[in-house]
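Numbering (the working numbering), first residue to last: 13 to 145.
Glycine residues also receive a C-beta, built at the ideal position from the N, C-alpha and C atoms.
Shown next as structure tokens:
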């Protein structure tokens, strides 16, 4: 795929079939919102980059771990889906939870992470690496 760094396709190909549709959905929404994004492996998981902004999307045993937006920018999303927040700045998105979340809400979350017109995210050290597929 254009815009994908080395190793990304191998990671994607290794995603368990029960999580692949959710990953594909989120990938589609990210690329629709930011077609200029590149995807690289960072912390051993796909990381979408736009300028100096990053959105990490890793697979764990129950779904996807998503993080990388400036702290506080996800508050409206979390208010609507409080059970998805697992730690500061990390969401665990299970396929069964995602069915109740419309695309426009996920796109807003993507925009909070990757919109280059916003202040860049503060670095808070290396993220916790979720389980590999």
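CA-to-CA distance, residue j to residue i, given in whole angstroms
i, j, result
"residue 60", "residue 112", "24 Å"
"residue 89", "residue 117", "7 Å"
"residue 20", "residue 49", "14 Å"
"residue 8", "residue 95", "The structure shown does not extend to residue 8, since the chain is modelled only from 13 through 145, so no value can be given for it."
"residue 45", "residue 93", "21 Å"
"residue 76", "residue 35", "7 Å"
"residue 62", "residue 42", "11 Å"
"residue 38", "residue 17", "18 Å"
"residue 72", "residue 54", "15 Å"
"residue 23", "residue 58", "8 Å"
"residue 101", "residue 122", "13 Å"
Residue i in three-state terms, based on DSSP
i, result
"residue 106", "coil"
"residue 131", "Confidence is the limiting factor: at residue 131 the pLDDT is only 49, short of 50, which leaves the residue's position unreliable, though a coordinate-based value still follows. Coil, per DSSP."
Cβ neighbour criterion (16 or more within 10 Å) applied to residue i
i, result
"residue 65", "buried"
"residue 33", "exposed"
"residue 91", "exposed"
"residue 70", "buried"
"residue 140", "Caution applies to residue 140, whose pLDDT of 43 falls short of 50 and renders its modelled position unreliable; the model cannot decide the point."
"residue 124", "buried"
Nonlocal neighbours in the same chain, by C-beta distance under 7 Å from residue i, ignoring five residues either side
i, result
"residue 30", "107"
Proximity test, Cβ basis, 9 Å: residue i and chain E
i, result
"residue 96", "In summary, chain E is missing from the structure at hand, where a single protein chain is found."
Neighbourhood of residue i by C-beta distance below 6 Å, restricted to the same chain and skipping five residues each side
i, result
"residue 52", "17, 59"
- Item | beta strand (DSSP E) segments (min. 3 residues) lying fully within the region 35-108 | 50-54, 57-62, 65-72, 75-79, 97-99, 102-105
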